[in-house]
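Chains A and B, in that order, are what the protein sequence lines are.
Going by the working numbering, the final residue of the first sequence carries number 510, and the count climbs one at a time with no gaps.
Going by the working numbering, the final residue of the second sequence carries number 289, and the count climbs one at a time with no gaps.
The beta carbon of each residue, even a glycine, is placed where N, CA and C say it ideally should be.
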Amino acid sequence: MKVQMVGCSHHHSGVEARERLAFGPDQVGPALDGFRARFPAAEAVLLSTCNRVEIYTAVEDDASGPSREALAEFMAEFHGVPIVEVFDELFERTGEDAVRHLFTVAASLDSMVVGEPQILSQVKQAYDLATQRNSAGPLTHGIFQAAVRAARRITNETTVHQRRVSIPSVAIGDFARGIFERFDDKRILVIGAGEMAEETLRYLEEEGAHDVTVVNRSYDRARELAERWRGKPAPWEELPAALTAADLVVSAVGASEPVITLAMFRSIEPAREQRPLFILDLAMPRNFDPAIGAALGVYLFSIDDLKAACQRNRAERDREAPHALRIIEQETARFMTEWRHRATAPIIRRLRESWEESKEDELRRLFNKLPLDARAQDEVRYTFDRLINKLLHPPLESLRTAAESGPPHHGLVHALKRLFNLKD
Amino acid sequence: MLSHISITCFAASYLVAWLLEITRLLFRSGVRGALMLGFASAGLVAHSLFLGYRALHAPGPPLSSSYDWYLLAAWMLAVAFLYLAWLYPRSGVGLFLWPLTLGLIVAAAFFADPEPIAPEPASQIWGAAHGIALLLGDVAVMFGFIGGLMYLVQAWRLKRHVLRDGGPRLPSLEWLERVNSRVVFVSAALVSVGFAAGIVLNRVGGRTLMPWTDPVVWSSGLMLAWLLAAAAFNVVYRPARHGRKVAYLTVASFGFLLLSLAVLLGLDTRHGGQKAERQRAAAEEGAR
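This is how it looks when you write it as structure tokens:
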């Protein structure tokens, strides 16, 4: 049995090369059909995301699988690209390396942003689509099931996936979630119209927030941003009123002095009735007077606070990485043992069948010669079965041990074939 | 077989569940959650069987001693833990809840009287209403205390921007605030019902069994007054519905509860059950 991966990723190829080889959602199905027609003996799963295009293949017979060149040619032909232009972009992993690579990809340890959660569902989708198109089979099924298991172990046993590393994701996922249970009933106030504010709005929308008010010195820009996020714009003069009503504030105004002073906040504080207020001050210099952070119910985070949290998370991820990689190694070893053991299954079956035939012949001969009643015949049959199992135990155990200790154990399989005259 | 179940069985299970919860502060584990739920569930089964056995074999009304009430309150907290741990597996609620549960079990084992408080109940219905409402009210106060503590810890961490630096993932402030706010009203209502049932119980048959000067009566009355004031404060003063104030109210309520429990265990009171009666009779005999 042979497993192989050929493809390109953000580690080795630029975005242009990846774009040329990428399979859009509508192209994956036809590509798998084309692959099946061209390599009928091989199973295949095609994983195509923003950061990688990888085709995983598996065959029962090592000799019948497609080579790296054949796969590169297939991909180039499908996209109508001269193979010489893309061949060097493609790298190959075979056998245990291919399995380890898939496990690493599925666990998001090979992603551009390590720990990002989307890749596992992309891997699952790729496998599901291959199953629907009949290009996946028992071999790829085993590999992808094991990849999902490895990814889940890493999610459960490490904090790699829990540590957010971008400022907006930390602000919303870690801190705002610590204050608010839900966001669909919260009033969001955006002061300014910077990129970071917009990025934060994206996370807030994912959490269900929809009541957005945008205040900017330029009303037109406020309206533009508000339209993009289905919010409402408000003139700059209404900032105090909007702040009074808000539950969560994202501020990113370019200003040399604080936009919200302590005196201004004190003037609206009684009307807020101490409702919790989460303020993300993403501007530099800061838009909110830091003294506001001491007010009752106010949780003020500056960009430095969030950066510090991001750095802590990044350091935590780095600390967790060896643990995650150990899990990958364990799962790879476990899978490879099963895989190798599986490869010996036909030999074991044939060996058992051959001995069973001999047993039945001998029993027939014996029962014809001896006048045994049914109970005595059962006893004799039972004894023969036990004898076969005992005789089979040492060779099977040797095969199992060889599978655990690693490849190759073809020599042992070959020896068994020759010793017991087993034919393919 | 049921008679062989002792307090040690379930207390030990709860203790292990608590220690496992503490290890959450030290390292991560994939199996800790399952182990914790396993020990808590095993403890709860033993605890339930223990209480069931006592209820079936009680000479008087079932579970009517202060010993049983402490254990019932601990049982309710253990049920609350399982419910919350199932809903919010990483919340770390056990860190706050188990000490209180174990404290109640220790109080039952070493200080509480296992004899029924009222072996000759004037009215079992009023007696049951009095006991059950006060028990539930006390559990609600304890639950509020845990929620209040969690709120204060979570708010402290958020103010200092150290939310994820180790430690458990506590529920959001919004959730804790909502729970605390409800607990203020629920505990005030239950303790009011329990107290009113106690007054009626005391008047049934036209004789006064329990004087107003009884330490448990006045300390419980004090707690009731505080709970009613807290509920009224919550209704009248809107800022008290938000933030730390509601947490402070629930934490302070627990202070009043501790006072009434300390009075029950430590002072000479007619709520002390037959043991107190016997001690009082012996003292009077000695004086004569």
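**Request:** Please report how far the alpha carbon of B/P90 lies from the alpha carbon of B/V32, in whole angstroms.
**Result:** Along the second sequence, one-based indexing puts residue 90 of chain B at 89. Along the second sequence, one-based indexing puts residue 32 of chain B at 31. Approximately 12 Å, taken between the alpha carbons.
**Message:** What residue range does the beta strand (DSSP E) around A/R273 cover?
**Reply:** For the purposes of this step, residue 273 of chain A is taken as residue 187 along the first sequence, with counting starting at 1. Where A/R273 is concerned, the enclosing beta strand (DSSP E) stretches over 273-277.
**Request:** Measuring only between beta-carbons, confirm whether B/G31 sits less than 8 Å from chain A.
**Result:** Translated into positions along the second sequence, residue 31 of chain B becomes position 30. Yes - at least one Cβ of chain A is within 8 Å of the one on B/G31.
**Message:** With three or more beta-carbon pairs closer than 8 Å as the criterion, would you say the region 265-275 of chain A touches the region 325-345 of chain A?
**Reply:** yes
**Message:** So, at 7 Å on beta carbons, what are the nonlocal neighbours of B/L191 in its own chain, with the 5 sequence-adjacent residues on each side left out?
**Reply:** Counted from its first residue, the second sequence places residue 191 of chain B at position 190. Once the five neighbours on either side are set aside, the close Cβ partners of B/L191 are A134, L137, G138, A141.
**Asked** CB B/I147 to CB B/L83, shorter than 8 Å?
**Response** For the purposes of this step, residue 147 of chain B is identified with residue 146 of the second sequence, where counting begins at 1. For the purposes of this step, residue 83 of chain B is identified with residue 82 of the second sequence, where counting begins at 1. No.
**Message:** Can you tell me where the alpha helix (DSSP H) holding A/F387 begins and where it ends?
**Reply:** Within the first sequence, the letter at position 301 stands for residue 387 of chain A. Element bounds for A/F387: not the alpha helix (DSSP H) but the beta strand (DSSP E), 384-388.
**Message:** Mapping the DSSP letters down to three states, classify A/Q90 as helix, strand or coil.
**Reply:** Residue mapping note: residue 90 of chain A aligns to position 4 of the first sequence, counting from 1. Strand, per DSSP.
**Item:** Proximal residues to A/A341 (C-beta, below 8 Å), its chain only, five neighbours per side dropped
**Value:** The sequence position of residue 341 of chain A within the first sequence is 255, counting from 1. Once the five neighbours on either side are set aside, the close Cβ partners of A/A341 are A369, P371, N373.
**Message:** By the three-class DSSP mapping on this structure, what secondary structure does A/E129 have?
**Reply:** In the first sequence, counting from the first residue as 1, residue 129 of chain A sits at position 43. Three-state result, A/E129: strand.
**Request:** Give me the Cβ distance between A/G201 and A/S207, rounded to the nearest whole Å; I'm assuming they're in contact under 8 Å.
**Result:** Looking up residue 201 of chain A in the first sequence gives position 115. Looking up residue 207 of chain A in the first sequence gives position 121. A/G201 to A/S207, Cβ: 14 Å. No contact.
**Asked** Does the beta-carbon distance from A/V114 to A/L132 come in below 8 Å?
**Response** The count along the first sequence starts at 1 and reaches residue 114 of chain A at position 28. The count along the first sequence starts at 1 and reaches residue 132 of chain A at position 46. A Cβ-Cβ contact shorter than 8 Å links A/V114 with A/L132.
**Message:** Can you tell me whether A/T244 is helix, strand or coil according to DSSP?
**Reply:** Taking the first residue of the first sequence as 1, we reach residue 244 of chain A at position 158. The answer is coil: DSSP assigns A/T244 none of H, G, I, E or B.
**Request:** In angstroms with no decimal places, state the Cα-to-Cα distance between B/A248 and B/L229.
**Result:** On the second sequence, position 247 is the one that residue 248 of chain B refers to. On the second sequence, position 228 is the one that residue 229 of chain B refers to. The C-alpha of B/L229 is placed about 16 Å away from the C-alpha of B/A248.
**Asked** How long is the line joining the alpha carbons of B/R204 and B/V252, rounded to whole angstroms?
**Response** Here residue 204 of chain B refers to the residue found at position 203 of the second sequence. Here residue 252 of chain B refers to the residue found at position 251 of the second sequence. Straight-line Cα distance between these residues: approximately 33 Å.
**Asked** Is the Cβ-Cβ distance between A/A103 and A/E175 less than 8 Å?
**Response** As a working note, residue 103 of chain A is residue 17 in the first sequence. As a working note, residue 175 of chain A is residue 89 in the first sequence. Yes; because the gap between Cβ atoms is below 8 Å, this pair is in contact.
**7 Å CB neighbourhood of A/M422 in its chain, flanking five on each side removed** = For the purposes of this step, residue 422 of chain A is taken as the residue at position 336 of the first sequence. Cβ within range, chain order: E182, V185.
**Item:** CB contact below 8 Å: B/L16 versus chain A
**Value:** Taking the first residue of the second sequence as 1, we reach residue 16 of chain B at position 15. Chain A, which has no Cβ nearer than 8 Å to the Cβ of B/L16, makes this no.
**Under the three-state DSSP convention, the category A/R138 falls into** = The count along the first sequence starts at 1 and reaches residue 138 of chain A at position 52. Note: A/R138 maps to strand in three-state DSSP.
**Request:** Can you pull the chain A residues whose beta carbon is under 9 Å from the beta carbon of B/R239, in chain order?
**Result:** On the second sequence, position 238 is the one that residue 239 of chain B refers to. Going along chain A in sequence order, the residues near B/R239 (Cβ under 9 Å) are E359, Q360.
**Request:** Under 7 Å between beta-carbons, which chain B residues line up against A/T245? List them in chain order, please.
**Result:** As a working mapping, residue 245 of chain A is identified with position 159 in the first sequence. Per Cβ cutoff of 7 Å: R29.
**Asked** Using DSSP with H/G/I as helix, E/B as strand and the rest coil, what is A/D523?
**Response** With chain A covering 87 to 510 only, the question about residue 523 of chain A has no answer from this structure.
**Message:** My output table needs one value for B/R91: the three-state DSSP class, helix, strand or coil.
**Reply:** As a working mapping, residue 91 of chain B is identified with position 90 in the second sequence. If DSSP states are grouped into helix, strand and coil, B/R91 belongs with coil.
**Asked** On the three-state DSSP scale, how would you describe A/V335?
**Response** Along the first sequence, one-based indexing puts residue 335 of chain A at 249. Strand, per DSSP.
**Prompt:** Which class does A/L366 belong to by DSSP, given the choice of helix, strand or coil?
**Reply:** For the purposes of this step, residue 366 of chain A is taken as residue 280 along the first sequence, with counting starting at 1. Correct three-state label for A/L366: strand.
**the region 215-222 of chain A touching the region 238-253 of chain A, judged by at least three CB pairs closer than 8 Å** = no
**Asked** Can you name the residues that DSSP bridges to B/S66?
**Response** As a working mapping, residue 66 of chain B is identified with position 65 in the second sequence. B/S66 is bridged to B/P117.
**Asked** Taking the alpha carbon of A/V517 as the point to measure from, which residue in A/A407, A/G110, A/D148, A/L498 has its own alpha carbon closest?
**Response** Nothing in the structure corresponds to residue 517 of chain A, since chain A is present only between 87 and 510.
**Message:** Measuring alpha carbon to alpha carbon, tell me which residue in B/Y71, B/F11, B/V185, B/F111 is nearest B/H48.
**Reply:** Taking the second sequence and counting its residues from 1, the one referred to as residue 48 of chain B is at position 47. Cα-wise, what sits closest to B/H48 is B/F11.
**Message:** For chain A, check one thing: does any of its Cβ atoms lie closer than 8 Å to the Cβ of B/A227?
**Reply:** Start at 1 with the first residue of the second sequence, and residue 227 of chain B comes out as number 226. In the sequence as displayed, the identity of residue 227 of chain B is Trp instead of Ala. Closer than 8 Å: no.
**Asked** What in chain A is Cβ-close to B/P175, meaning under 8 Å?
**Response** The residue given as residue 175 of chain B occupies position 174 in the second sequence. The sequence shown places Glu at residue 175 of chain B, not Pro. Chain-ordered, the chain A residues with CB closer than 8 Å to the CB of B/E175 read I265, F266, E267, R268, P362.
**Asked** Are the region 389-404 of chain A and the region 148-168 of chain A touching by the rule of at least three beta carbon pairs closer than 8 Å?
**Response** no
**Request:** Answer yes if the region 342-352 of chain A comes into contact with the region 230-250 of chain B, meaning at least three C-beta pairs across the two stretches below 8 Å, and no otherwise.
**Result:** no
**Message:** For B/H5, would you say it is in contact with chain A, using Cβ-to-Cβ distances shorter than 8 Å as the test?
**Reply:** Here residue 5 of chain B is taken as the residue at index 4 of the second sequence, counted from 1. Not an interface residue.
**Prompt:** Which same chain residues, not among the five before or five after A/A262, have their C-beta less than 7 Å away from its C-beta?
**Reply:** Indexing the first sequence from 1 puts residue 262 of chain A at position 176. Here the set comprises L334, F364.
**Message:** Does the structure place the region 309-316 of chain A close enough to the region 282-301 of chain A that three or more beta carbon pairs sit under 8 Å?
**Reply:** yes
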